[in-house]
Structure formats: structure tokens, C-alpha cells
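So for the first sequence, numbering that gives the first Met the number 0 puts the first residue at 0; every next one is plus one.
Below is one structure; the comments refer to it alone.
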Amino acid sequence: MELKKTLTLPKTSFPQRGNLVQREPEILARWEKDKLYDRIQKGSQDRPRFVLHDGPPYANGSIHYGHILNKVLKDIVVKHRTMDGYHCHYVPGWDCHGLPIELQVDRDLGKKKEGLSKIQVRKICRDYALRFVDKQREEFKRLGCFGAWDTPYLTLQPHYEQTIVREIGKLIEGGYLYRGRKPVYWCASCRTALALAEVEYGDHVSPSIYVKMDLVEDAGYLAPELAGKQTSLVIWTTTPWTIPSNLAVVVQPRYKYVALEVETGYLIVAEDLADSFLADSGLEAAARVSVDVKKLEGKKYRHPLTGDRQDQDYRVWFADHVTLEAGTGLVHTAPGHGVDDYGVGVDHGLDIFAPVDDGGCFTEEVPAYQSTPVHKANPVIQKDLQAAGAHLNPLDQTLSHSYPHCWRCHEPIVFRATPQWFVELDHADLRQRALEEIDRTQWIPHWGRDRIHGMVANRPDWCLSRQRAWGVPLPILYCEDCDEPLVSVELAERAADLFGEEGSDAWFSRSAADLAPEGTVCGSCGGTSFRKEEDIVDVWFESGVSWAAVCEDNPDLGLPVDLYLEGSDQHRGWFHSALLTGVSGRGKAPYKAVLTHGFVVDKDGKPYSKSKKNYEPPEKIMKRQGAEIFRLWVASEDYRNDIRISPEIIKRLTDGYRRIRNTARFMLGNLADFDPTKDAVAPEHLTDVDRWALGRLGALINRLRKAYEDYELHKVYHGLVDYTAVDLSALYLDILKDRLYCDAPTGVSRRAAQTVMYEILRAYTTLMAPVLVFTAEEIWGHLPRLPEDPDSIHLASLPSADGFEVDAELLARFESILTVRAAVTQGLEAFRAQKNKSLDASVTVGVPGPLRSDLDSSAELLHDYFIVSSVTVVDVDGDEVDVTVAEHPGPMCPRCWKHVDGLVVLPETRTEEVEENAAEPQSVCARCAAVLKELGH
RNA sequence: GGUCCUGUAGCGUAAUGGUAGCGCACGCGCCCGAUAAGCGCGGUGUGAGGGUUCGAGUCCCUCCGGGACCA
Numbered sequence: 000m001e002l003k004k005t006l007t008l009p010k011t012s013f014p015q016r017g018n019l020v021q022r023e024p025e026i027l028a029r030w031e032k033d034k035l036y037d038r039i040q041k042g043s044q045d046r047p048r049f050v051l052h053d054g055p056p057y058a059n060g061s062i063h064y065g066h067i068l069n070k071v072l073k074d075i076v077v078k079h080r081t082m083d084g085y086h087c088h089y090v091p092g093w094d095c096h097g098l099p100i101e102l103q104v105d106r107d108l109g110k111k112k113e114g115l116s117k118i119q120v121r122k123i124c125r126d127y128a129l130r131f132v133d134k135q136r137e138e139f140k141r142l143g144c145f146g147a148w149d150t151p152y153l154t155l156q157p158h159y160e161q162t163i164v165r166e167i168g169k170l171i172e173g174g175y176l177y178r179g180r181k182p183v184y185w186c187a188s189c190r191t192a193l194a195l196a197e198v199e200y201g202d203h204v205s206p207s208i209y210v211k212m213d214l215v216e217d218a219g220y221l222a223p224e225l226a227g228k229q230t231s232l233v234i235w236t237t238t239p240w241t242i243p244s245n246l247a248v249v250v251q252p253r254y255k256y257v258a259l260e261v262e263t264g265y266l267i268v269a270e271d272l273a274d275s276f277l278a279d280s281g282l283e284a285a286a287r288v289s290v291d292v293k294k295l296e297g298k299k300y301r302h303p304l305t306g307d308r309q310d311q312d313y314r315v316w317f318a319d320h321v322t323l324e325a326g327t328g329l330v331h332t333a334p335g336h337g338v339d340d341y342g343v344g345v346d347h348g349l350d351i352f353a354p355v356d357d358g359g360c361f362t363e364e365v366p367a368y369q370s371t372p373v374h375k376a377n378p379v380i381q382k383d384l385q386a387a388g389a390h391l392n393p394l395d396q397t398l399s400h401s402y403p404h405c406w407r408c409h410e411p412i413v414f415r416a417t418p419q420w421f422v423e424l425d426h427a428d429l430r431q432r433a434l435e436e437i438d439r440t441q442w443i444p445h446w447g448r449d450r451i452h453g454m455v456a457n458r459p460d461w462c463l464s465r466q467r468a469w470g471v472p473l474p475i476l477y478c479e480d481c482d483e484p485l486v487s488v489e490l491a492e493r494a495a496d497l498f499g500e501e502g503s504d505a506w507f508s509r510s511a512a513d514l515a516p517e518g519t520v521c522g523s524c525g526g527t528s529f530r531k532e533e534d535i536v537d538v539w540f541e542s543g544v545s546w547a548a549v550c551e552d553n554p555d556l557g558l559p560v561d562l563y564l565e566g567s568d569q570h571r572g573w574f575h576s577a578l579l580t581g582v583s584g585r586g587k588a589p590y591k592a593v594l595t596h597g598f599v600v601d602k603d604g605k606p607y608s609k610s611k612k613n614y615e616p617p618e619k620i621m622k623r624q625g626a627e628i629f630r631l632w633v634a635s636e637d638y639r640n641d642i643r644i645s646p647e648i649i650k651r652l653t654d655g656y657r658r659i660r661n662t663a664r665f666m667l668g669n670l671a672d673f674d675p676t677k678d679a680v681a682p683e684h685l686t687d688v689d690r691w692a693l694g695r696l697g698a699l700i701n702r703l704r705k706a707y708e709d710y711e712l713h714k715v716y717h718g719l720v721d722y723t724a725v726d727l728s729a730l731y732l733d734i735l736k737d738r739l740y741c742d743a744p745t746g747v748s749r750r751a752a753q754t755v756m757y758e759i760l761r762a763y764t765t766l767m768a769p770v771l772v773f774t775a776e777e778i779w780g781h782l783p784r785l786p787e788d789p790d791s792i793h794l795a796s797l798p799s800a801d802g803f804e805v806d807a808e809l810l811a812r813f814e815s816i817l818t819v820r821a822a823v824t825q826g827l828e829a830f831r832a833q834k835n836k837s838l839d840a841s842v843t844v845g846v847p848g849p850l851r852s853d854l855d856s857s858a859e860l861l862h863d864y865f866i867v868s869s870v871t872v873v874d875v876d877g878d879e880v881d882v883t884v885a886e887h888p889g890p891m892c893p894r895c896w897k898h899v900d901g902l903v904v905l906p907e908t909r910t911e912e913v914e915e916n917a918a919e920p921q922s923v924c925a926r927c928a929a930v931l932k933e934l935g936h
């Protein structure tokens with residue numbers, strides 16, 4: 000008789016290998032066919048809501064690691080909350096308007112674009128966006144993410160566009176919207192504003208000029224030497240044409256400045272730049288006098304070319320952007336022609352003066368150069384400065400440097416202030432109220448609060464307008480007679496109504512007269528004919544109001560939502576725009592909590608980039624390993640820091656996955672003949688180690704549930720893997736093998752083991768389901784189920800630790816047993832090196848007094864716990880466990896491989912088999928003999 | 001340059017201011033009844049330097065490295 004055939008070995012159709020690339024799509028297809036997401040929604044209708052509102056990715060390109068990280072994190076949270084008893088409706092969204100698509104379409108169209116109308120171009124942009132929505136949608140679904148994929152929100156949908164315009168109406172109603180000027184990149188040859196992405200840097204030779212500007216007051220207060228002398232500021236610039244627009248000079252109060260004595264008086268420059276200035280100008284300084292530049296704040300100087308303007312102009316201010324890299328440490332400031340300059344202008348109440356027209360020519364505001372293109376005006380201005388005695392260096396000095404050029408015509412661009420629409424941050428305490436809302440919001444991690452707080456506290460007014468075509472138009476008209484803008488809630492509402500029906504194309508397809516509400520007259524001159532605003536709204540405003548477009552009126556969602564979850568860059572992006580629109584529109588933040596994650600970087604911590612190619616495209620990994628590995632990756636790393644991905648990390652995760660899968664498979668194999676409704680045994684039939692195992696399961700359940708609730712998902716993964724390796728594989732399941740394989744298949748001992756294993760596998764599978772969505776479902780399909788169990792694990796609830804309470808006394812006792820077990824396995828090491836199995840050993844353990852009673856209460860089972868053939872416990876002096884290992888003297892049972900004092904000869908082996916094979920009669924241990932008899936052998 | 005974050009063994013991750021632990025990898029061995037599996041044993045670490053403290057991975061400062069957002 001072949002004894003191996005009398006064992007109950009694991010048996011299962013659950014494949015050892017995941018073969019995820021093929022299996023995942025099958026599972027997805029089944030979910031789709033079974034309408035699983037809809038069933039989850041219907042089944043949870045009466046439960047409390049938990050709303051995770053999706054931040055829309057941009058509808059361009061294929062998804063990358065950052066998208067995967069973000070969407071899988073969201074999905075794990077949503078699936079966990081669903082299994083935790085909430086109704087979670089997840090509506091994915093896409094950001095569809097904006098420059099990247101418009102630029103791409105521009106490139107694709109090339110010259111063809113010139114013959115197309117705005118509406119035609121917008122149609123192409125729309126098709127482009129929708130194509131990528133479809134592509135990304137499939138990619139997200141492939142990751143196992145659940146959601147309303149058939150009814151996502153898109154910022155180009157009429158309803159969404161309607162909301163955008165309505166919320167602009169709210170800004171108008173609240174008085175936040177105003178028209179101001181702001182410097183933008185401007186291409187004079189294309190006569191258009193350029194976005195940052197449309198600017199190319201290239202070498203350019205510019206004039207390099209030092210200009211002196213005389214202080215009005217006697218400068219004796221700076222240093223006694225200066226009293227009675229003409230003292231001047233020296234500035235340096237490569238754009239002489241901005242000198243007529245100069246309205247201020249700024250210095251850095253932290254730096255040291257000196258006054259250089261020259262023929263005409265004293266010249267103030269930064270100490271560290273004095274030598275380079277003298278070298279460039281060819282001037283000689285008879286003396287250097289240290290000056291305290293802080294005393295210059297607010298002092299007036301005379302502009303070398305223009306007469307006096309308003310009192311606030313031509314003064315010295317402090318600013319941080321002043322550096323010692325080049326120039327003089329005193330920075331010429333023209334608020335209409337530079338970003339830093341603009342900031343100074345806003346801070347000090349200066350005119351945003353930009354006397355340059357669309358074609359890059361001076362306007363009548365500068366009569367001397369009127370109609371001259373600015374770059375051609377440079378030499379003229381230099382000569383005028385020289386004539387005024389203000390040009391300190393030779394006229395032909397130049398500087399070759401990197402300078403912005405138009406991406407299309409390659410001409411050098413200019414900075415030029417143009418009219419823009421702004422949200423006024425300090426109107427109606429908007430900024431203050433936003434800051435208060437920040438403090439009412441939970442930020443995860445907590446430092447998110449400081450980050451956004453700093454940004455909101457310091458940000459300038461929000462420039463809402465963009466000079467582009469692919470977006471939602473600002474609902475504003477201008478009077479044809481007096482050019483006054485018509486800004487009204489009625490007009491916004493009228494536009495909103497039209498957009499809701501026709502989309503925002505209505506603005507372009509309809510005439511201004513058609514768009515104006517009936518009876519509209521210009522508030523300024525009473526005119527009745529209008530032209531349309533051509534600007535569109537900043538896309539951050541569009542996505543910012545998603546709470547209004549998506550959540551506010553949806554009974555499955557509502558406001559405020561529970562959670563926004565995005566990368567930490569969104570403190571300045573979406574969290575920020577949603578906060579400001581929420582506070583200005585509804586008086587409160589649209590979210591209760593905001594969770595942020597870091598960025599995906601390579602193994603060296605460097606951000607991965609398309610140009611460096613320091614990464615493998617995600618779709619390649621997907622095609623090789625499937626989506627589950629990505630989900631494991633997301634769950635395994637602490638997302639609060641930057642998240643690394645590398646071949647080694649993928650390898651480690653794959654190993655972890657196999658461990659989990661194999662352990663589950665082992666349990667399934669040993670449950671093949673187990674029907675929980677019939678075969679489960681009562682608690683009193685469980686052994687100590689069974690009860691201990693259930694206690695450990697209870698602890699795991701508590702730990703993982705807390706980790707999920709606290710969004711500490713990496714603790715879920717590590718908790719699960721550690722439990723698998725330590726508690727299950729190395730300990731409990733290893734100990735169980737003898738009972739499972741050798742005891743009577745339907746005997747109470749084996750059924751007890753199965754009962755416990757069943758509870759473990761059920762809970763284990765459910766706990767992993769939010770992360771390992773496919774594998775958990777697959778295990779669920781093979782698990783003996785109860786009649787009330789749903790057909791998908793994603794319809795099940797998280798396990799409760801009730802019923803698996805940790806018995807403190809038992810746990811303490813097992814701690815002792817496991818301590819001794821560790822000593823025994825260590826003692827066994829030398830024994831096993833002699834080609835012995837641990838079951839060949841007979842172990843004598845000397846244990847210190849305190850442990851003794853803990854061991855004695857399990858004395859009969861210790862050899863099973865230690866997986867040896869016999870254990871004798873003796874007292875020992877001292878507090879070290881003492882282990883002695885010897886070969887067990889008795890014969891080994893050929894069936895269960897344990898050594899016993901004596902074997903029993905099997906009755907039927909005495910006869911013909913023996914004679915035929917001339918073999919010894921077969922003998923087994925008493926336990927196996929009884930089992931064989933019961934089996935009918 | 002500014003604001004904020006971050007640095008624990010090869011990789012991932014843990015540690016109310018109180019003995020630096022866990023898993024995987026790696027090395028060595030066992031097993032061949034979870035088998036493209038399983039079991040055991042083993043070495044390796046707080047970026048650097050100061051400070052506070054009886055005691056610092058943890059709090060403070062400086063430096064170095066990395067990141068996000070601004071400029």
C-alpha cells in the first residue's frame with residue numbers, strides 16, 4: 000500500500016501562478032457583465048455617504064505612474080469605505096479645456112488653422128480631448144478602479160460649462176471681479192499674448208546699459224561725505240526701451256552698498272558689484288563711502304528722461320528679487336513690463352504703466368518715441384540718456400544672453416501689461432475667510448495646512464482671463480460706443496442658460512446683441528450696441544468649481560465632500576482654486592478633508608521624465624505583470640513622501656504577491672472538502688494553538704481596519720504580508736500540516752483546523768480586497784461560501800474582530816511557548832545540518848521557572864508546535880532556555896514521519912503483498928493505524 | 001533666491017523622547033507530502049556635524065542629498 004495515498008493532501012483548482020495579464024481582463028469582463036458597480040451602488044443606498052470627489056486629470060496623453068498612484072489610492076479608499084458600510088459614489092472627471100490641447104491641435108493643423116473659425120478649431124480640440132478621455136478611461140478601468148465610468152464629468156460638457164459661467168456670475172454678484180492690467184509675454188509680430196508654454200528661450204544680443212538717476216534730496220543723511228554733493232542711483236538693464244516706463248528703483252536691504260566718488264558726485268551701487276560696474280563704465284572712483292541703504296526707503300529720484308509724474312512715482316523701495324549676479328544691486332523697475340516689477344508696482348500703488356501697443360510700438364503716452372517699435376527705439380533712448388548725462392557706459396556695450404522668443408515666429412518677445420480680469424482677494428474678506436476655512440479643514444499630512452495657508456495668505460489677486468480659444472468665455476460685453484465693460488449677473492445667467500443647452504460655443508456662434516439680456520443698456524453712456532469679450536477663463540477656475548458642477552446637486556454626493564485626494568502640487572492648484580471658489584461662492588470650503596501624496600521618482604529619488612527615459616513605461620509593466628502589481632506598489636509605499644519605483648521594487652512586490660497567493664492557495668487546498676455550514680466545529684473542540692491563531696487574526700483585523708481608516712495604506716500591505724509570512728506560513732499553517740494531512744479527514748481534530756483556517760481565509764481575503772481587487776475576487780470564487788454570501792467579494796463587508804477576541808492569558812502563554820520554540824529551532828539547526836529532519840528529533844528543553852507553567856499546560860502538544868517527535872520539559876537554573884537535541888530512539892512512522900516508541904503492524908500487509916514483494920510487513924504509529932482503519936484499509 | 005516637505009540595512013517599512021524592530025532580497029543549511037512551493041539559521045542600518053536632555057531615529061541649529069510649489 001502506498002501510504003502517501005492515504006493522506007489528505009491539499010487539492011485545489013486555484014492556480015498557483017497568477018497569470019494576471021490574462022486573468023484580470025476576464026474578471027473585469029465579468030464585473031462589467033454583472034453590472035457590479037451599479038449593484039454596489041443600489042445595495043448601499045440607505046447607508047451613510049462618504050464622498051471622495053475626483054480631481055480631473057488632464058485629457059491628454061497616456062496615463063503615467065502619477066495617475067496610477069493617484070487613481071489607485073482613491074480606489075482603495077473608496078473600496079474600503081464601501082466595505083466599511085458607507086455609500087460611496089465615485090464620479091471620475093477630466094479636465095478638457097486649456098492650452099496643452101490647443102497647442103497640440105495648433106501643431107497638428109499647421110497652416111490649415113488660418114482658414115478655420117474659432118468654432119471649427121474648438122470642435123477639433125473637443126474631439127481631441129474626448130479621444131484621450133476614452134483612452135485614459137480604459138486605462139483606469141484596467142487598473143481595477145470602480146466608478147461611474149459611463150457617466151464621468153467633463154469640463155467641456157454643457158452642464159459643466161453652465162456651472163462655470165454661473166460661478167463667474169457669483170463672483171460678479173459678490174463684487175470680486177474687476178478689470179486690471181498685468182504684464183504678460185507678448186509677441187509683437189503675432190500680436191498676441193503667449194503662455195509660458197509657448198515661449199522658447201534662445202540666444203539674443205541686447206544692449207547693456209548703466210543709467211544714473213539723481214536723488215532729489217541732499218544725501219548727507221546717508222554719509223557726511225555726501226552732503227552737498229549730487230548723489231545718484233545706478234541701475235543696469237538690457238532693455239533700454241523700458242526706461243521711459245521706469246517708475247521705481249528697488250534695492251535689497253540685506254546687501255551692503257557703497258557710494259563711489261566720481262567727477263559729477265557720488266554713485267550708489269552694491270559693494271560687491273562696484274568693481275564690475277567701474278570696469279564696464281570705465282569710471283574711476285576717487286573714494287568709496289559705505290552707505291546704509293535702509294535709509295533710502297521711499298526717497299525720491301529724478302527720472303533722466305521724463306518729467307515728474309504722480310507723487311508716488313520715482314522712489315526707492317526694497318524687494319527680495321534683487322540679486323548680486325549682475326548689474327548694480329539697484330534694479331530698474333517698470334511695473335508694466337516685468338513680473339517682479341509688477342509686484343513692486345502693486346505693493347506700492349504704482350501705475351501699471353505700459354505705453355506700448357499690440358504691435359510693439361510706443362503709444363502717445365510717450366510722445367518722444369510714439370509709433371517707434373520698442374526694439375528700434377533702444378539706440379534712440381540710449382542717445383537721449385547720454386545727452387542727459389545719465390548713460391554711464393559706452394553705447395556699444397552689449398550682452399549675449401538667453402532671451403524669450405515666440406515659439407511660432409521666433410521673434411523676441413516683450414513683457415507688456417495688458418487688460419485682464421481678476422478676482423480681488425481682499426474684497427469682502429475673501430482671503431481672510433479662506434484662511435479660516437483652511438483651519439476648519441483636516442489636512443493629511445498635517446503640514447498641508449501650513450503650505451496652503453502660506454500660499455493663500457501671500458498670493459496676489461487671481462488673474463482669471465486667458466487670451467485663448469479653447470475654453471469657456473468670460474460672460475462680459477463691451478459698449479461699442481464708450482468701451483465700458485458690461486459686467487452683470489443677468490448677462491452671466493443668460494450665458495449660463497445658453498451654455499447649458501448649446502455648450503459654450505454659443506458665445507461664438509451668437510451675436511453680442513443676441514447674448515445681451517433684453518433691454519441691456521450701457522451703464523456708462525446708455526449705448527445699446529455691444530461687442531463680446533474674447534478672453535476665456537483660467538482652467539483652474541473651471542476645475543475649481545467641480546464641487547458645484549458635480550457634487551452640489553447630486554443626491555449621491557452633496558457638499559461639503561468628505562475628501563479631496565491629489566498630489567501635493569495641488570495645494571497651489573485644485574485645492575486652492577476649489578477653496579477660493581467655494582468661499583467666494585458659498586462661503587465655505589467644498590471639502591472636509593484633503594489628503595495629498597508625493598511624486599513618483601526613480602530609484603535614485605529623481606523625478607522621472609520623458610526626455611531622460613529613466614523609467615519603463617507603465618504599460619510595459621502592465622503587459623508583463625498585470626494591474627495587481629501596481630496596486631500592490633501603491634499600497635506598499637508611504638505616499639506622504641515621494642514614491643519610488645524601480646525594477647527591484649517591482650521584483651520585491653511580485654515576491655510578496657506570490658507569497659500571499661500561495662498561502663491563500665494552500666488554505667484553499669486544505670479546505671477543498673470543507674463545508675462551513677456542516678463541518679465547522681464548536682469552539683470547545685479547538686486546541687490552544689487554534690484559539691491563539693484566531694486571536695492573532697482578531698489583532699490583524701483591528702490593525703488593518705485602523706490602518707485603512709487612518710489612510711495609512713502601507714500599513715495594510717505590510718501588516719498583510721507580515722501576517723502571511725510569520726503567523727500563517729511559518730507558524731500556524733506549518734504546525735497544522737500534520738493534523739490536516741494525517742488525521743482522519745472528517746475527524747474533529749482536522750475539522751477544527753479547517754474551521755479556523757476557514758475563518759482566517761475569509762477575513763484575510765476580505766481585508767485584502769480593497770487592494771488586491773482581482774486576487775481577492777479570485778480567491779472568493781474558490782472559497783467555500785455561506786448561503787448569504789454575495790457572489791462578489793466587493794459586495795461583502797469588512798470582517799469584524801468580534802468573536803476573535805484576543806485571550807490575554809492565552810496570548811501570554813503562547814509568547815512563552817514561542818520563545819522556547821525559537822530556542823528549539825535554533826538548537827535544531829546543528830541537528831538538521833546532519834541531514835536530519837526536525838521530526839527525527841527528540842528535544843529536551845530546560846526552561847527557567849517563570850516559563851515552566853506556561854509550557855506545562857500545553858505539554859502534550861509541544862512536539863506538534865515545535866514540529867519534532869517528542870519534547871521533554873525540565874527545570875533549569877538561570878534564566879536562559881537550554882535545548883538538547885537527540886535523535887529520537889524510536890522507529891519512524893512511514894506515514895506521518897513522526898518517531899514513536901513502537902509501531903503497529905498493519906493487518907492486511909502481512910499476507911500476499913509480503914510474499915509477493917518479499918518485503919517487510921508495513922507498520923505505522925498507533926494514530927495512523929487508527930486513521931487507516933477508519934478509512935477502511 | 002523664497003515657502004513647504006523629506007532622508008532608518010540592497011529594497012520596502014516600524015519605533016507616546018526610553019534596549020533600532022519586521023518583511024523581502026542576500027548567504028548558509030534542511031526538506032522534497034504548499035513544489036516555478038515550504039522550513040530553519042545568519043550578517044548588514046538612523047545622510048554628516050553640533051546642541052537640548054539622565055536618555056535623541058524622534059526636539060533645536062548648521063551642512064549635505066532629494067522633492068513640490070513659487071520667483
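Cβ atoms here follow ideal geometry from the backbone N, Cα and C, with glycine treated the same way.
Query - Spatial distance of Arg42 from Asp74 (CA atoms) - result: Per the sequence shown, residue 42 should be read as Gly rather than Arg. Those two C-alpha atoms are separated by around 18 Å.
Query - DSSP beta-bridge partners of His404 - result: Glu199, Pro411
Query raised in the report: How would you label Ala917, buried or exposed, when you count the other beta carbons within 10 angstroms and need 16 or more for buried?
Result: Low confidence applies to Ala917: its pLDDT is 48, below 50, so where it sits in the model is not reliable, and the reading given next is rough at best. Its Cβ having fewer than 16 others within 10 Å, Ala917 is exposed.
Query raised in the report: Out of Asp726, Glu160, Pro252, which has the shortest C-alpha to C-alpha gap to Trp506?
Result: Glu160
Query raised in the report: So does the region 539 to 557 actually touch the region 495 to 514, counting three or more Cβ pairs closer than 8 Å?
Result: no
**Report entry** Selected residue, minimal CA-CA separation from Gly802, among Arg812, Pro682, Glu828
**Finding:** Pro682
Query raised in the report: Is it buried or exposed for His302, if we count other Cβ within 10 angstroms and need 16 for buried?
Result: buried
**Report entry** For Glu492 and Ala58, the rounded distance between their alpha carbons
**Finding:** 28 Å
Query raised in the report: Among Asp149, Asp428, Val215, which residue has its Cα nearest to the Cα of Ser583?
Result: Asp428
Report task. In the DSSP assignment, find the unbroken beta strand (DSSP E) run with Arg314 in it and report its ends. Result -> 314 to 317
Report task. Could you check the C-alpha separation between Lys619 and Trp442 for me, to the nearest Å? Result -> 35 Å
Requested in this report: Alpha carbon to alpha carbon, how far is Gln21 from Ile67? Give it in angstroms, no decimals.
Outcome: 20 Å
Query raised in the report: At which residue ranges does the region 502 to 581 contain complete alpha helix (DSSP H) runs of 4 or more residues, listed in the order of the chain?
Result: 504 to 508, 511 to 514, 538 to 543
Query raised in the report: Span of the beta strand (DSSP E) holding Lys181?
Result: 176 to 186
Query raised in the report: Can you give the Cα-Cα distance for Glu776 and His426, rounded to whole angstroms?
Result: 54 Å
Query raised in the report: Would you say the region 645 to 660 touches the region 746 to 753, given that touching needs at least three Cβ pairs under 8 Å?
Result: no
Query raised in the report: So what does DSSP say about Lys34, is it helix, strand or coil?
Result: coil
**Report entry** Range of the contiguous alpha helix (DSSP H) that encloses Leu838
**Finding:** It is not in any alpha helix (DSSP H) - Leu838 carries neither H nor E in the DSSP assignment.
**Report entry** Residue nearest to Glu551 in terms of C-alpha spacing, selected from Val538, Pro516, Lys587, Asp274
**Finding:** Lys587
Report task. Excluding the 5 residues preceding and the 5 following Lys228 in the sequence, name in chain order all residues of the same chain whose CB lies nearer than 7 Å to its CB. Result -> Gly264, Tyr265
Requested in this report: Have a look at Trp896 and Arg926 and give me their C-alpha separation to the nearest angstrom.
Outcome: 12 Å
Report task. State the DSSP-derived secondary structure class of Ala592, mapped to helix, strand or coil. Result -> strand
Query raised in the report: Which term fits Gly281, buried or exposed, when burial requires 16 or more other beta carbons within 10 angstroms of its beta carbon?
Result: exposed
Report task. Please classify Ser205: does DSSP put it in a helix, a strand, or coil? Result -> strand
Query - Proximal residues to Val946 (C-beta, below 6 Å), its chain only, five neighbours per side dropped - result: Because the chain here runs from 0 to 936, residue 946 falls outside it and cannot be looked at.
Query raised in the report: DSSP state of Lys169, grouped into three classes?
Result: helix
Query - Residues near Arg121 by beta carbon distance below 7 Å, same chain, minus five either side - result: Ala468, Trp469, Asp504
Report task. Please work out which residues of its chain come closer than 6 Å, Cβ to Cβ, to Gln396, disregarding the five sequence neighbours upstream and downstream, and give them in chain order. Result -> Ser207
Report task. Taking 8 Å as the threshold, find out whether the region 789 to 809 comes into contact with the region 102 to 110 through three or more Cβ pairs. Result -> no
Query raised in the report: When the distance is taken between beta carbons, is Asp537 closer than 8 Å to Leu463?
Result: yes
Report task. Using DSSP bridges, identify the partner residues of Thr230. Result -> Tyr265
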